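Some notes on the structure that comes next.
Residue numbers (our numbering): 92 to 349.
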């Protein structure tokens, strides 16, 4: 059955709770370690790896778009897909294409802002956790795809160009996310602006955390395996998502019986 092109009965994305942000950081870290595992550990290169992850993104996105309501597996599979393809695409632009971290970051930041502006003028809003229309869903995932690519470049820029290294870079982005949280609690800045600011910042945080785990000791990392690190974080994601879903189901059942 063809889905209505205008509206859905339910929101297609989760509420931005603390659990949401925890899973998002895990997903972005998986994107870094998983992307590097394919391009570096398996030595497929950035271009081939990007094409493989782009295919994964298309498959998961079709499943997400075909659903009528929020399904955790579909949603988070697309998020992981955007982080992995974002990692290898950013590395291709920065290293293979020779743009460097500064140029690629500036270019991708302009692209994110352009999508958000067009989104606002097209639908009259920038949806955060109430994505119910096909245009909102299209702009939502396009913003995520570009922002996750941008975040990879920002993470590498902070660690390499600014000379902060992976651990201090992770602390910088964690601090910026904490600042966004404070602004959310103490100011009247529109929620959509703060949401997408935090969303973009979680990607370089994940990138620097992933590099901290997997880079060699001589580069300031812990030299853990990329594949094993990715699997551990995927398991952690599944546990958090499952616990969150079970609690939501229990709450819904309690309300229905009251």
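No residue lacks a Cβ here, since even glycine has one placed at the ideal position from N, Cα and C.
As the structure is a computational prediction, the values presented were derived from the model and not from experiment.
Could you give the residue range of the alpha helix (DSSP H) that holds residue 289? Counting along the chain, residue 289 sits inside the alpha helix (DSSP H) bounded by residues 282-305.
Apply the 10 Å Cβ neighbour rule to residue 319 and answer buried if 16 or more other Cβ atoms are within range, or exposed otherwise. Exposure of residue 319 is indicated by the presence of fewer than 16 other C-beta atoms within 10 angstroms of its C-beta.
Can the beta-carbon of residue 315 be found less than 8 Å from the beta-carbon of residue 322? no
Roughly how many angstroms lie between the CA atoms of residue 191 and residue 256, to the nearest whole one? Residue 191 and residue 256: Cα-Cα distance of roughly 17 Å.
Counting pairs of Cβ atoms below 8 Å between the stretch 100-115 and the stretch 324-343, do you hit three or more? By the criterion of at least three beta-carbon pairs nearer than 8 Å, the stretch 100-115 is in contact with the stretch 324-343.
Using DSSP with H/G/I as helix, E/B as strand and the rest coil, what is residue 267? helix
Extent of the continuous alpha helix (DSSP H) run through residue 249: Here residue 249 belongs to no alpha helix (DSSP H), and DSSP marks it neither H nor E.
Would you say the beta carbon of residue 273 comes nearer than 7 Å to a heavy atom of the ligand NAP? Here there are no bound small molecules, and the ligand NAP is not part of this structure.
Going by DSSP, what residue range makes up the alpha helix (DSSP H) through residue 119? 109-127
Which full runs of the alpha helix (DSSP H) of 4+ residues lie inside the stretch 147-172, going along the chain? none
For residue 267, I'd like the list of residues in its chain whose CB is within less than 8 Å of its CB, leaving aside the five on either flank, ordered along the chain. 292
If we ignore side chains and look at the alpha-carbon of each, how far apart do residue 234 and residue 197 end up? Straight-line Cα distance between these residues: approximately 15 Å.
Which whole-angstrom value describes the C-beta separation of residue 164 and residue 121, a residue pair presumed to lie in contact below a C-beta threshold of 8 Å? A Cβ-Cβ separation of about 15 Å leaves residue 164 out of contact with residue 121 under the 8 Å criterion.
DSSP on residue 142, reduced to helix/strand/coil? helix
Quick one: is residue 155 buried, meaning 16 or more other Cβ sit within 10 Å of its Cβ, or exposed? With 16 or more other Cβ atoms inside 10 Å of its own Cβ, residue 155 counts as buried.
Taking 8 Å as the threshold (C-beta atoms), are residue 312 and residue 174 in contact? no
Going by C-alpha distance, which of 201, 210 and 115 is nearest residue 294? 115
Looking at C-alpha atoms only, which residue of 126, 284, 253 and 244 is the closest neighbour of residue 220? 284
Residue environment, residue 106, which counts as buried when at least 16 other CB atoms sit within 10 Å: Here residue 106 is exposed, its C-beta having fewer than 16 other C-beta atoms within 10 Å.
Residue 203, enclosing alpha helix (DSSP H) - first and last residue: Start and end: 191-214.
Distance, residue 138 Cα to residue 213 Cα: 33 Å
Can you look up residue 278 in the DSSP assignment and give me helix, strand or coil? Coil.
For residue 236, count the other beta carbons within 10 Å of its own beta carbon; 16 or more makes it buried, fewer makes it exposed. Which is it? Label assigned to residue 236: buried.
Evaluate the contact criterion for the stretch 175-184 versus the stretch 140-155: three or more CB pairs, one atom per stretch, below 8 Å. Yes: at least three Cβ pairs fall under 8 Å.
Local conformation of residue 105 per DSSP, three classes: coil
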